[in-house]
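Notes to accompany the following structure.
Residue numbers (the numbering used here): 13 to 364.
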């Protein structure tokens, strides 16, 4: 495996250097003209870029409303839905070790069966082609706190849902993004291997890729009115959107997808054709797949919680990747994709 050397350029520490830095100058242009970022609602964010064997990190704004220091590569963020990429990598790694069969119906992994899921496989869950809804019916009756929406859904609630839900058209491969796919995956992992999600991470993935579910490790987060908010908690949604990670961890992850060391990484960047909203589309475990000019595939995922926002995107063809982490739920949606497009010369850069 290649050695990943991280070169850090923290913007904002030296005004003169920042003005001479052409990359930061271009980032400032993107932020001003191609996003709606407002530092009044987003106190700060950090951008990580990988271009082949070199990485760059730029920090903007401040770490917290009451902390003028910059966000650093080691600060922990809630990464929301980006957690699914880590979960998919864990599942593919376990499959490579012969501990899981992705082609088997999920009924074979669980303590009881639901006949409507007879044709739903673990691979369907990984690629959001199971047909599961994003959330269980009647979610409004389950949710206790709109600012911590997943806290109340228990293992008992999950089992009740699975017993009673009738999966529509279970043989379909149509894409429908659903948190429940990854909630089910966590339940399967615990049922089959009798270990917690985090235990399996620590035992099967490199130490520098292990994420946390501990909310106490994250930096302050803010809502759209820049009011401080508490991190999300959950009993069952950890594998779907409960992860906490730093920019450094996410850069390490994306680097390994650009230079895959094992078949598990390759499996996540091997898209398969499906139907998305009635049109031809592509899916891959853990990722959302975007086609760009030249019939190439871009792999992206975003995550949003009450107080943080995350973006991860990579283009394996050119060995480039971008990570953006913000200490607010708003404002950085367009930035990550704009930076990746900039690095790839408006998608005209040739692969190597």
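We put the beta carbon where it would ideally sit given N, CA and C, even for glycine.
Item	Value
Which of helix, strand or coil DSSP assigns to residue 361	coil
Exposure label - residue 317; buried when at least 16 CB within 10 Å	buried
Residue 344 (DSSP reduced to helix, strand or coil)	coil
Rounded separation between residue 170 and residue 331 - CA only	40 Å
Alpha helix (DSSP H) segment containing residue 95, residue limits	95-108
CA-to-CA distance, residue 203 to residue 123, given in whole angstroms	7 Å
Inter-residue spacing [alpha-carbon to alpha-carbon] between residue 146 and residue 59	29 Å
Neighbour-count burial assignment, residue 82, 16 or more Cβ in a 10 Å radius	buried
Alpha-carbon to alpha-carbon, residue 350 and residue 356	10 Å
Endpoints, the beta strand (DSSP E) within which residue 291 is located	291-296
Cβ-based neighbour list, residue 359, same chain, cut-off 6 Å, excluding 5 preceding and 5 following	304 and 305
Under the three-state DSSP convention, the category residue 247 falls into	coil
Supposed close pair residue 328, residue 281 - CB separation, criterion 8 Å	6 Å
Proximity to residue 118 [Cα-Cα], best of 159, 195 and 155	195
Where the beta strand (DSSP E) containing residue 64 begins and where it ends	Run containing residue 64: none; DSSP gives neither H nor E here.
Straight-line gap, residue 344 to residue 337 (C-alpha atoms, nearest Å)	8 Å
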